[in-house]
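Scroll down for the structure; my scribbles are underneath it.
Below is the structure:
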């Protein structure tokens, strides 16, 4: 490709057909940093990190989740999940139960300690979300929900929205 062709594709040049929304990209980076930051402090007191948080969150919200379903949600390898899951099981935050219909299936369920930690993490993050929505004013929750759903890849969006709705059916845990 020639240099002039590269210049027309460069999103930071004023001549580019579409400029990159750097302000939004950077705000997403900073929002994510602070959204997980307070939860990170709580997790650190248990010797856990963000991977533990993600596993605990989905196991708590979707009781009876299988290992395969969790791997699909998180899009991580079984090897990556095993270490984190072992920590949570050995720490008494998650239990693995055999399936009723198929005893070979391992179903993941949060223990009382796991539920309590998941609630504390959700409380911290919910407070940040509530504050941000209040500062945005008006009925922004719907717009934010649509925006976030739009950020999910089209091929995965319906599945993600179904998981979110499934978690809602299990009830608010706060």
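Numbering (this note's numbering), first residue to last: -8 to 165.
Every residue, glycine too, gets a C-beta built ideally from N, C-alpha and C.
Do you know offhand how far residue i's Cα is from residue j's?
i, j, result
"residue 132", "residue 25", "19 Å"
"residue 92", "residue 56", "14 Å"
"residue 51", "residue 100", "7 Å"
"residue 49", "residue 38", "19 Å"
"residue 130", "residue 120", "13 Å"
"residue 65", "residue 72", "9 Å"
"residue 17", "residue 127", "18 Å"
Cutting at 7 Å between CB atoms, please list the residues of its own chain near residue i, excluding the five before and the five after it.
i, result
"residue 30", "44, 112, 115, 116"
"residue 148", "140"
"residue 27", "41"
"residue 88", "98, 100"
"residue -5", "With a pLDDT of only 45 at residue -5, under 50, the local geometry of the prediction cannot be trusted, and the value read off the model is given with reservation. So no residue of the chain qualifies."
Which residue or residues does DSSP assign as beta-bridge partners of residue i?
i, result
"residue 166", "For residue 166 there is no data in the structure shown, the boundaries of the chain being -8 and 165."
"residue 57", "98"
Give the secondary structure of residue i by DSSP, where H, G and I count as helix, E and B as strand, and everything else as coil.
i, result
"residue 154", "helix"
"residue 114", "helix"
"residue 11", "coil"
"residue 28", "helix"
"residue 40", "coil"
"residue 92", "coil"
"residue 130", "coil"
"residue 68", "coil"
"residue 105", "helix"
"residue 144", "coil"
Please name the residue in the options whose C-alpha comes closest to that of residue i.
i, options, result
"residue 36", "82, 137, 22", "82"
"residue 46", "61, 27, 33, 128", "61"
"residue 98", "108, 85, 77, 107", "85"
"residue 59", "79, 95, 32", "95"
"residue 156", "53, 14, 21, 16", "53"
"residue 138", "19, 80, 78, 74", "19"
Within the same chain, show all residues whose beta-carbon is closer than 6 Å to that of residue i, passing over the 5 residues directly before and after it, in chain order.
i, result
"residue 164", "Confidence is the limiting factor: at residue 164 the pLDDT is only 42, short of 50, which leaves the residue's position unreliable and the question unanswerable from this model."
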